[in-house]
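A short worksheet on the structure shown next.
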Amino acid sequence: MPKSCAAYNCTNRQSKNRGLTFHRFPFSKPDLFEEWVNNVGRAEFQPTQHTVICSEHFKLECFNTWGNRKNLKHNAVPTIFHYPDTMKKPQARKKLKLTSEIKSKIEVTEERIETLPTVNPSRVEEKAPGRNPGGAPCFEGAEDHTYAATNLGIMKKRLYTALEQNERLRKRLKVKQEEMRKMVKKWQALKDELEELRARDLSPGCETYVVEINQLQDCLE
1 MPKSCAAYNC TNRQSKNRGL TFHRFPFSKP DLFEEWVNNV GRAEFQPTQH
51 TVICSEHFKL ECFNTWGNRK NLKHNAVPTI FHYPDTMKKP QARKKLKLTS
101 EIKSKIEVTE ERIETLPTVN PSRVEEKAPG RNPGGAPCFE GAEDHTYAAT
151 NLGIMKKRLY TALEQNERLR KRLKVKQEEM RKMVKKWQAL KDELEELRAR
201 DLSPGCETYV VEINQLQDCL E
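Start counting the sequence shown at 1; every next residue gets the next number (UniProt numbering).
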């Protein structure tokens with residue numbers, strides 16, 4: 001569904017046939033977000049993640065040009081608006097009070113960036129989220145924070161368990177390899193003696209060597 005510009009009295013809509021670009025409100029930058037909302041000049045206006053402003057409301061210096069694509073600079077603010085005569089240009093208001101929904105979206109986004117897991121075991125012990133004096137995790141009320149921390153704890157536990165199991169298996173393998181090496185060495189020695197006895201026309205003790213060699217060979221197989 002095409003999006004419409006949120007500016008007062010602007011009827012521009014997203015269309016492939018027009019040279020306009022549409023830009024979302026900077027929720028992750030509260031101060032810049034406040035400027036955008038103030039400049040729109042609409043009473044009780046609260047944008048959502050899908051609300052957009054078209055490029056006609058930005059000055060040329062607000063854009064970086066890369067090839068055929070226009071991108072807003074990180075500190076760009078829309079300032080070109082056409083207010084009716086009965087409506088004064090909005091003055092700077094007191095700090096805009098963000099709704100709990102907007103705060104939650106900003107905090108969750110930052111938390112997900114900070115708690116991205118890594119596959120490097122040496123970094124598992126990285127600093128955990130802040131804690132209160134009592135030792136409890138210091139999350140700011142968003143349920144996603146607790147969910148992310150719980151998942152990280154489970155991942156750490158599974159990683160430690162896997163590493164411990166791997167170490168035990170490695171030691172067992174080393175012991176079995178040593179036992180196998182000794183058996184092969186003994187089998188080779190008996191085989192050499194048997195060949196020597198056969199060269200002497202099968203001495204009386206030859207049958208004993210044959211039985212022992214066959215037993216060792218069965219073990220090796």
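The beta carbon of each residue, even a glycine, is placed where N, CA and C say it ideally should be.
For a cut-off of 8 Å, the C-beta gap from R24 to T65 is around 20 Å, too long to register as a contact. In this structure S55 is in contact with L20, their Cβ atoms being roughly 5 Å apart against a cut-off of 8 Å. Separation of I80 and A148 (C-alpha to C-alpha, rounded to the nearest whole angstrom) is 42 Å.
Beta-bridge partners of R13 (DSSP): S4.
About 16 Å separates the beta carbons of N39 and P84, which is beyond the 8 Å limit, so they are not a contact pair.
Considering only K191, K3, E212 and N9, the residue with the shortest C-alpha distance to G41 is N9. Beta-bridge partners assigned by DSSP to T65: K70. Shown here, F33 sits in a helix according to DSSP, grouped into three states. The Cβ-Cβ distance between C5 and F22 falls below 8 Å.
The beta-bridge partner set that DSSP reports for I53 consists of H23. DSSP places V40 within a helical segment (H, G or I) once states are collapsed to three.
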